[in-house]
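Our numbering applies: residue 66 is where the sequence shown begins, and numbers increase by one.
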Amino acid sequence: MASYLINMGFKIYPYDPGLFIHQTKPHLYLTSHVDDCKIAASDDTDTQTYLGTQVEFADTGITIQQQNYARELVSSFSLEDAHSVKTPLNPGFLIDDEPDHSLNLKEFQRGTSSLQYLASKTRPDLAYATNLLSHHNSKPTRKCWIGLMHLIKYLKGTTHLGLHYDRQENGDFWPIGYSDSDWAGQNTDSRKSVGGYIFLMAGAPISWNSKKQSCTAASSNEAKYIAASEAAKEAWWIREILKQLGLHQPNQPDQPAPPIPIAMDNTGAIDLTSSIGTKRSKHIDIRFHITRDFLAQGQISIRQVASQEMAANGLTKVLNSVTFDSFRKLIAMA
């Protein structure tokens, strides 16, 4: 298929082999996923579904959601008549250490994998809880099963949620990222922290991640600095793809792309991003210092926000209902 598209005038985007960009026709793009393809052009079409996702066009913008998929998942676990809950996990949720071999392992794995599909496509509000439970796919505990049922009950009451991207008439828009972490997470037996980032553009999330860090952080500052390196790498990729699509300077395409701002809420971690070798950071693995390089190159910028404005907070820890509601508002999923 690639050679056929190239002969038609498309080129393969170098940082994502599933994206094809036409070299002479402006704003003509094609994405492929295995044997499914979608063409994006300047003319709006009434797209209904693509890869299990509903796409709706309106004068105000584009909405994508997976309501049908979510409803089917709830029904498959016979929870369509259950009372919905306000948060993905119960506040104070802790996973016990002892696997429960009486659990239906395949059902647990079916639930987490289905939720992962939702969390990765249109539901960043599910990302932390789904990622946490998925870590126990091989040996789930009784509390893992309870957590899974709680998460699906939350999904039952929020199947309508999705992502709405505002129409931008003048093309004046640019993404902003948020990076955060917990420290020595209570739900990780290794006491490794959980880092998360989310990027918003045109009024909604375009990229997000929640993941246990690969090494143990010695402090909260260090955990957030490590998390920032993951956000910085994603920002670099987003910036490159926007340049290829000509969205970095719609009215002045020959001008360089501006840096992508990444917001953090920890002064100590922010200081580490601009420090050149200090006693506090000399033991940190070199791969996490990529944030400093991208900052110096103008690929990203760092800004500080108050903790209550940190949009990545819900990707790093279990939140109570009040804090979780605030998180959803920050990521435009209220």
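We treat Cβ as the ideally placed atom computed from N, Cα and C, and that holds for glycine.
Going by other Cβ atoms of all chains shown within 10 Å of its Cβ, with 16 needed for buried, is D162 buried or exposed?
By 1-based counting over the sequence shown, the position of residue 162 is 97. Classification of D162: exposed, given that the 10 Å Cβ count is below 16.
Pull the bridge partners of F264 from the DSSP assignment, please.
Looking up residue 264 in the sequence shown gives position 199. According to DSSP, which records beta bridges pairwise, F264 is partnered with G242 and S272.
Considering only the alpha carbon of each residue, which of S199, T223, A267 and P91 lies closest to Q131?
The residue given as residue 131 occupies position 66 in the sequence shown. Taking only the C-alpha atoms, the option nearest Q131 is T223.
Leaving out the 5 sequence neighbours to the left and right, which residues in its chain are closer than 7 angstroms to S258 when beta-carbon positions are compared?
The count along the sequence shown starts at 1 and reaches residue 258 at position 193. Result list for S258: S246, D247, W248, A249, G250, Q278, A282 and A288, in chain order.
So what's P164 in DSSP terms, helix, strand or just coil?
Working through the sequence shown from its first residue, we reach residue 164 at position 99. In the structure shown, P164 sits in a strand (DSSP, three-state: E or B).
Kindly confirm or deny that the segment 201 to 220 and the segment 111 to 130 touch, where touching means at least three C-beta pairs closer than 8 angstroms.
Result no; under three Cβ-Cβ pairs closer than 8 angstroms.
Just to confirm before moving on: does the CB-CB distance between D336 and S372 stay below 8 angstroms?
Residue 336 sits at position 271 when you count from the first residue of the sequence shown. Residue 372 sits at position 307 when you count from the first residue of the sequence shown. No.
Roughly how many whole angstroms lie between the Cα atoms of K171 and A296?
Within the sequence shown, numbered from 1, the residue matching residue 171 stands at position 106. Within the sequence shown, numbered from 1, the residue matching residue 296 stands at position 231. Going from the Cα of K171 to the Cα of A296 covers about 33 angstroms.
Rounded to a whole number of angstroms, what is the C-alpha to C-alpha distance between S391 and I327?
Your numbering for residue 391 matches position 326 in the sequence shown. Your numbering for residue 327 matches position 262 in the sequence shown. Between S391 and I327, the C-alpha separation is close to 19 angstroms.
In chain order, what residues of the same chain have a beta carbon less than 6 angstroms from the beta carbon of F173, not counting five sequence neighbours either side?
For the purposes of this step, residue 173 is taken as the residue at position 108 of the sequence shown. The answer, listed in chain order, is P205.
Could you spell out the range, first to last residue, of the beta strand (DSSP E) harbouring E121?
Residue mapping note: residue 121 aligns to position 56 of the sequence shown, counting from 1. Where E121 is concerned, the enclosing beta strand (DSSP E) stretches over T118 to A123.
Tell me the residue span of the alpha helix (DSSP H) that contains R304.
By 1-based counting over the sequence shown, the position of residue 304 is 239. Its alpha helix (DSSP H) spans residues S285 to Q309.
On the criterion of 16 or more Cβ atoms from any shown chain inside 10 Å, does I160 qualify as buried, or is it exposed?
For the purposes of this step, residue 160 is identified with residue 95 of the sequence shown, where counting begins at 1. With 16 or more Cβ atoms within 10 Å of its Cβ, I160 is classed as buried.
Can you tell me where the alpha helix (DSSP H) with G379 in it begins and where it stops?
Residue mapping note: residue 379 aligns to position 314 of the sequence shown, counting from 1. From DSSP, G379 is part of no alpha helix (DSSP H); its letter is neither H nor E.
Since T383 and P156 should fall inside the 8 angstroms C-beta cutoff, what is the C-beta to C-beta distance between them, to a whole number of angstroms?
As a first step, residue 383 must be located in the sequence shown, where it is residue number 318. As a first step, residue 156 must be located in the sequence shown, where it is residue number 91. According to the sequence as given, residue 383 is Val; it is not Thr. 6 angstroms between Cβ atoms; contact.
Is the beta carbon of I303 less than 8 angstroms from the beta carbon of F264?
On the sequence shown, residue 303 is found 238 positions in, with the first residue counted as 1. On the sequence shown, residue 264 is found 199 positions in, with the first residue counted as 1. Cβ distance < 8 angstroms, so I303 and F264 count as in contact.
Could you pull out every residue in the same chain whose Cβ sits closer than 8 angstroms to the Cβ of H225, ignoring the five residues on either side in sequence?
Sequence index remark: in the sequence shown, residue 225 carries index 160 (1-based). Q130 and Q132.
Would the beta-carbon of A269 fall within 8 angstroms of that of H229?
In the sequence shown, the residue the question calls residue 269 occupies position 204. In the sequence shown, the residue the question calls residue 229 occupies position 164. Yes, Cβ-Cβ distance for A269 and H229 is below 8 angstroms.
Check the DSSP bridge columns for S366 and list the partner residues they point to.
Within the sequence shown, the letter at position 301 stands for residue 366. For S366, which the question treats as bridged, DSSP gives the partners P326.
Whole angstroms are fine: how far does the CA of F238 sit from the CA of Y134?
Along the sequence shown, read from residue 1 onward, the residue named residue 134 stands at position 69. Along the sequence shown, read from residue 1 onward, the residue named residue 238 stands at position 173. Y134 and F238: Cα-Cα distance of roughly 31 angstroms.
Which residue wins for smallest C-alpha separation from L138, given the options S179, A147, I127 and T114?
In the sequence shown, the residue the question calls residue 138 occupies position 73. Residue S179 is the option with its Cα nearest to L138.
Mapping DSSP to helix, strand and coil, what is G126?
In the sequence shown, residue 126 corresponds to position 61, counting from 1. Here G126 sits in strand by DSSP.
Have a look at S203 and G227 and give me their C-alpha separation to the nearest angstrom.
Counting from one through the sequence shown, the residue named residue 203 turns up at place 138. Counting from one through the sequence shown, the residue named residue 227 turns up at place 162. Roughly 30 angstroms separates the two Cα atoms.
I need the DSSP call for F75, collapsed to helix, strand or coil.
Numbered from its first residue, the sequence shown carries residue 75 at position 10. F75 falls in the strand class under three-state DSSP.
Leaving aside the five residues before and after A334 along the sequence, list all residues of the same chain whose C-beta is less than 7 angstroms from its C-beta, in chain order.
Taking the first residue of the sequence shown as 1, we reach residue 334 at position 269. These residues qualify, in order along the chain: N286, K289, Y290 and A293.
Roughly how many angstroms separate the alpha carbons of I241 and Q369, rounded to a whole number?
In the sequence shown, the residue the question calls residue 241 occupies position 176. In the sequence shown, the residue the question calls residue 369 occupies position 304. Answer to the nearest angstrom: the Cα atoms are 12 angstroms apart.
For V150, which three-state DSSP category applies?
Working through the sequence shown from its first residue, we reach residue 150 at position 85. Residue state, collapsed to three classes: coil.
May I have the straight-line CA-CA distance separating A194 from L95, to the nearest angstrom?
Position 129 of the sequence shown, counting from 1, holds the residue named residue 194. Position 30 of the sequence shown, counting from 1, holds the residue named residue 95. Computed Cα separation, rounded: 33 angstroms.
So, are the CB atoms of L380 and A192 less than 8 angstroms apart?
Taking the first residue of the sequence shown as 1, we reach residue 380 at position 315. Taking the first residue of the sequence shown as 1, we reach residue 192 at position 127. Result yes, Cβ atoms of L380 and A192 sit closer than 8 angstroms.
Counting along the chain, where does the alpha helix (DSSP H) carrying L170 start and finish?
Residue 170 sits at position 105 when you count from the first residue of the sequence shown. Unbroken alpha helix (DSSP H) run through L170: L170 to K186.
Ignore the nearest five residues each way along the sequence and tell me which others in S275's own chain have a CB closer than 6 angstroms to its CB.
The count along the sequence shown starts at 1 and reaches residue 275 at position 210. Only A192, Y193, N196, G261 and L380 meet the Cβ criterion.
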